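Participant: Residue numbers (this note's numbering), protein chains in the order written: chain F, 1135 to 1433; chain G, 1135 to 1433; chain Z, 1135 to 1433; chain Y, 1135 to 1433.
From the three backbone atoms N, C-alpha and C, an ideal C-beta is built for every residue, glycine too.
Remember, it's a predicted structure, so these values are computed and weren't measured experimentally.
Quick one: the structure is below, and I'll ask about it shortly.
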């Protein structure tokens, strides 16, 4: 697997994934205000977990690709005496892609095959995958030094934080702050993977970075901070755009919301609605008798 | 104590323990739906903590075995000048087995001798044992390097995570996510201990692993990831089997549960029931007046 | 940027910031007892986020200053072959100041531009800034050793703890214990930065500290502990002063509060009131029908 | 300060403190069942914080002792050129004792001078002291190696865990599990300090331990595990004794409590009562009107 492509393409995939997730979160807050439409014959199709299918297809293609890259096939040991292990990096990549496929399978199963969606199962599978990813990356980075070590340490740091967030999400799968953290970390992971490809294998200046130069080492961290900043601004811009789009499309809702609003309410309008939407089903469970007379059903 | 047996047998014990625990958790969710049967003359026998007794017996046998392995008995210091400590590894093993016996005693005491079961005491004793186990393993692994260090580091990581889970369980002893984590970690600990025995003392190829070969070091982590994956799939299979078995045996309950189910409910049927069962006694405490008319007392 | 000034001035800024924050927290508890006055024509002006504006102005001035310090401007790479990165430390400082400006922008936006204040956004931006600050400081301290390393390690420790506190504040933005921790850590960070400037660049004795002297290394930690102690006493003194000032000004409230007070109440009067004030708006949200008859509206 | 006494006496103080704390916790659960007696003229004397006074007296004596140990007084720097710092270890001890005095002052102030006891303040001061103690101990242990390093690492580990527990107690100052952890850690800290004095300065065999002997290093950890085990058994014995003493003295209460007890109740009788007692004042605050008609007052 090409060294540059091996970093840049997964990075691009993760970055797009993060952008998509950010858009979904914010647009969910808008859709929750419109009357639900998709109850027709295509409703069932809409519910299919495209993300899960995409993971399965992408993972399978990558497994085939890794297998084809090596002439003679991906064997575990050679036939000499004493037998030696072969292709350790390729086997680690294969493990990562297998994890991706398994994750996709769990997503599809939870969303389409089980009678009810099991969010804990999805989150648990995802957290477990990142846990193994962390181990593989630590083992990956062990032999490296200088610039390569620095670049990979920052990657490992992001994966570790993502792992913590995903673990906490097992208990609070729909908390807004955790979603934001997860999305931001995925964006940073993606954009930094792309940058890592450029730093390590295609430096923009055309000359490789110098492992022994303290200046270069410090700039790796500086660039990483710029990535975090840009990704956070990117997330903020998506939110701001969806907020203003919402105010333009539904001006009637504006007055209702901002009138006599309490000072300490810490979350602006669309997110509040989003959170209300999330918490409502639980309340409806607890008071099924009152559900019929609620204004939502009469509307 | 034989080096291979010293790793493989405890590993097998832990793995079977994990499997047993997984089956108990899932079958509990099924039993909670049937009317309780065991109220006859054998009911009291059923409540005896077999797990605690097993721990006491196994620990005692191992203590006797370690004592017998060394000719002249397990003495602490020799009689030369200056006196030196002897058998440091054996004393550490003895400490571990003593912890196992004490744990069993606490289990038996809590479940059979105390007027009421004291879950916090059991969990506390278990967490304390793992805490000491972690210290002993870190001390154990200090002198090692290369493959041995890598294998033991992964073991220590699992014990550390298990320690964290057990500590949190002191506050939430019956939370489903923590149970799953604990069971998975015990399975991984068991299967990896077995693998450790093979890697370090009986390599399958017949040739020892090479400490200086980066390939070999990386494959240790890769194999560990495969273990985690397989153990998670194993857990998943046990759950799936118990789920389908439940659907076959009690088809009437299926309709009741899946009708008009809220979308955001994150846990599928049997686990929901399991969790409901767990949370009920607390509610009954808070509403003692209503307890008489509940279907449980009339049954 | 002068080495001594580069440590002492940011330290002074942070220390004053911490003192200001401590005074605001305690005086808030007093103001909550007086009838609200500032409802006149200057009320809107009062609500402008001076802190945010100060951050923007200070950050901008520092960016201009860093740019002017270097003759030929702050360029990223020289034009030689192979091109080398230049001014790594200055670029890191620039990144820190940009973070300060962005933070100020977020503060102003949340408090003045958005229809409702968004505390989560402010706290998130602050936490993210400290996260990047930690990375930059670790990278900063990498090349150092001896006294310099010890001084910077303690700084990094404080920033790390502050980061943890700010992260937890995302979920509990108005919890008293977290506020106290945050204020104390900011005070320690500020006073230790000033001390760091003196230790590293202007030792009081006139002779530089000795990197190889164990005594000197130990005294760095001792001095840090004295700083923590003094800052804690300082915080305690501010609280005590505001408490006694409160008792002198509002003696009538004293009787009301201390009569038949429950023994286990763990927070003395003004803080209790402060916390009550904070928690009230939430209750008012939940019971909008009762809000009209509350004493607050009739006053 | 003598090296052996410097470890053994603080250890003895901490161990006795831990024992006293354990006895207080358990006897509190018994006293809560008797009618309150101490409402006479000595009631006010009873409420004086003897623990706080003891801390002040002990700390002051130790400060005087350290000052007297050094001829010429405890000066910070000598008068040579370049001036050097002197007595770094003694200054660190002095800092620790000052922390002890301050802690005692805060205890006395909170319990006797403030109109209401402020548990958060006490716990915060204690946590802060342990935080600084940790820093001083890390700095203390930096120059050591071999056996000394191993002994001190285990001490630092205990202090770190104690710090975590005390930090969490800021939010839950009266949770039973945290109290048990705190008491156990104080017992371990005390008994291990005594042992450390013997290992490092008065080995029982009469010959010093060998830094280069792997056996000796491993036995340090083994002995530490035995300490943890013994201290946990000691705590358990205190609890068991107070439990049986309670059953003998108040047999009438036994029947009331064990009748129809729910299966999942995880805490045995006296502790349950203890916890009920702790949680009651809060409930009484919330429903003062109902308090008069409760069965407790009529009894």
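In this structure, how does DSSP classify residue 1211 of chain Z when only helix, strand and coil are distinguished?
Facilitator: The answer is strand: DSSP assigns residue 1211 of chain Z an E or B state.
Participant: Starting from residue 1271 of chain F and walking both ways along the alpha helix (DSSP H), at which residues does that stretch end?
Facilitator: 1253-1275 is the span of the alpha helix (DSSP H), which, as asked, contains residue 1271 of chain F.
Participant: Considering Cα atoms alone, identify which of Z:1287, Z:1280, Z:1137 is closest to residue 1273 of chain Z.
Facilitator: The option with the nearest alpha carbon to residue 1273 of chain Z is Z:1287.
Participant: Anything in chain G within Cβ reach of residue 1225 of chain F, meaning under 9 angstroms, just list it in chain order.
Facilitator: What residue 1225 of chain F touches in chain G: 1352, 1353, 1356.
Participant: Mind checking residue 1137 of chain F: buried by the 16 CB within 10 Å criterion, or exposed?
Facilitator: Exposed, because fewer than 16 other Cβ atoms sit within 10 Å of the Cβ of residue 1137 of chain F.
Participant: Label residue 1237 of chain Y either buried or exposed according to how many other C-beta atoms from any shown protein chain fall within 10 Å of its C-beta, with 16 as the threshold for buried.
Facilitator: Classification for residue 1237 of chain Y: buried.
Participant: Cβ of residue 1410 of chain Z less than 8 angstroms from any chain F Cβ?
Facilitator: For residue 1410 of chain Z, the predicted model reports a pLDDT of 40, less than 50, meaning its position is unreliable and no value from the coordinates is stated.
Participant: Is the CB of residue 1183 of chain G under 8 angstroms away from at least one CB in chain Y?
Facilitator: Residue 1183 of chain G does not count as touching chain Y.
Participant: Whose C-alpha, out of F:1325, F:1314, F:1265, is nearest the C-alpha of residue 1294 of chain F?
Facilitator: The candidate whose alpha carbon is nearest that of residue 1294 of chain F is F:1265.
Participant: Let me know the alpha helix (DSSP H) ranges lying completely inside the stretch 1313-1347 of chain Z, each 4 residues or longer, listed in chain order.
Facilitator: List check, alpha helix (DSSP H) in window: nothing returned.
Participant: If you measure from the beta carbon of residue 1271 of chain G to each beta carbon in chain F, is any gap under 8 angstroms?
Facilitator: So, not an interface residue.
Participant: Quick check: the Cα distance between residue 1310 of chain F and residue 1292 of chain F, rounded to an integer number of angstroms?
Facilitator: Each residue's Cα considered, the two are about 19 angstroms apart.
Participant: Does any residue of chain Z have a CB that is nearer than 8 angstroms to the CB of residue 1359 of chain F?
Facilitator: Yes, residue 1359 of chain F lies at the interface with chain Z (some Cβ there is under 8 angstroms from its Cβ).
Participant: What distance in whole Å lies between the Cβ atoms of residue 1148 of chain G and residue 1331 of chain G, which are believed to be in contact at a cut-off of 8 angstroms?
Facilitator: About 12 angstroms; that fails the 8 angstroms criterion.
Participant: Along the alpha helix (DSSP H) that carries residue 1205 of chain Z, what are the first and last residues, could you check?
Facilitator: Element bounds for residue 1205 of chain Z: n/a, residue is neither H nor E.
Participant: Following the continuous alpha helix (DSSP H) through residue 1226 of chain Z, name the residue where it begins and the one where it ends.
Facilitator: Residues 1222-1242.
Participant: Just the Cα atoms here: how many angstroms apart are residue 1326 of chain Y and residue 1259 of chain G?
Facilitator: Near 20 angstroms, if we compare the C-alpha coordinates of residue 1259 of chain G and residue 1326 of chain Y.
Participant: Applying a beta-carbon distance threshold of less than 9 angstroms, which residues of chain G neighbour residue 1197 of chain Y?
Facilitator: Those do not exist, as residue 1197 of chain Y stays about 35 angstroms from chain G at its closest Cβ, beyond 9 angstroms.
Participant: Along the alpha helix (DSSP H) that carries residue 1284 of chain Z, what are the first and last residues, could you check?
Facilitator: Element bounds for residue 1284 of chain Z: 1280-1303.
Participant: Please confirm if the stretch 1153-1163 of chain Y is in contact with the stretch 1331-1349 of chain Y, defined as three or more CB-CB distances below 8 angstroms between the two stretches.
Facilitator: Flag = no, the stretch 1153-1163 of chain Y and the stretch 1331-1349 of chain Y do not touch.
Participant: Which residue's Cα is closest to the Cα of residue 1329 of chain Z: Z:1190, Z:1307, Z:1354?
Facilitator: It is Z:1354 whose Cα lies nearest to the Cα of residue 1329 of chain Z.
Participant: Using a beta-carbon distance below 8 angstroms, is residue 1155 of chain F in contact with chain Z?
Facilitator: Judged by the 8 angstroms Cβ criterion, residue 1155 of chain F is not in contact with chain Z.
Participant: Compile a chain-ordered list of the residues in the stretch 1302-1326 of chain Z whose CB is closer than 9 angstroms to at least one CB of chain Y.
Facilitator: Those residues of the stretch 1302-1326 of chain Z that come within reach of chain Y (Cβ to Cβ, closer than 9 angstroms) are 1309, 1310, 1311, 1314, 1315, 1318.
Participant: Can you pull the DSSP bridge partners for residue 1219 of chain Z?
Facilitator: The partner list for residue 1219 of chain Z (beta bridge, DSSP) reads Z:1211.
Participant: Relative to the alpha-carbon of residue 1153 of chain G, which residue among G:1318, G:1223, G:1377 has its alpha-carbon at the smallest distance?
Facilitator: Per the Cα distances, G:1318.
Participant: Using CA coordinates, which residue listed in Z:1252, Z:1187, Z:1281, Z:1226 is at the minimum distance from residue 1210 of chain Z?
Facilitator: The residue with the shortest Cα to Cα distance from residue 1210 of chain Z is Z:1226.
Participant: Assuming residue 1257 of chain F contacts residue 1307 of chain F (C-beta within less than 8 angstroms), just tell me the rounded distance between them.
Facilitator: With 8 angstroms as the limit, residue 1257 of chain F and residue 1307 of chain F qualify as a contact, their Cβ atoms being about 6 angstroms apart.
Participant: Leaving out five residues before and five after residue 1240 of chain G in sequence, what residues of the same chain have Cβ atoms less than 7 angstroms from its Cβ?
Facilitator: Closer than 7 angstroms at Cβ, skipping near neighbours: 1255, 1256, 1259.
Participant: Using only the alpha-carbon positions, how far apart do residue 1372 of chain Z and residue 1378 of chain Z sit?
Facilitator: In a straight line, the C-alpha of residue 1372 of chain Z is about 10 angstroms away from that of residue 1378 of chain Z.
Participant: Any idea if residue 1204 of chain G is buried or exposed, counting beta-carbon neighbours within 10 angstroms, 16 or more meaning buried?
Facilitator: Exposed is the call here.
Participant: Going by beta-carbon coordinates alone, are residue 1304 of chain F and residue 1261 of chain F separated by less than 8 angstroms?
Facilitator: Taking 8 angstroms as the Cβ cut-off, residue 1304 of chain F and residue 1261 of chain F qualify as a contacting pair.
Participant: Does residue 1349 of chain F come within less than 8 angstroms of chain Z when only Cβ atoms are used?
Facilitator: Chain Z contact via Cβ: present.
Participant: Where does residue 1307 of chain Z sit, in a helix, a strand or coil, going by DSSP?
Facilitator: Note: residue 1307 of chain Z maps to coil in three-state DSSP.
Participant: Closer than 8 angstroms, CB to CB, is residue 1335 of chain Y near chain G or not?
Facilitator: With 8 angstroms as the cut-off, residue 1335 of chain Y does not count as an interface residue toward chain G.
Participant: Is residue 1161 of chain G helix, strand or coil when you go by DSSP?
Facilitator: Here residue 1161 of chain G sits in helix by DSSP.
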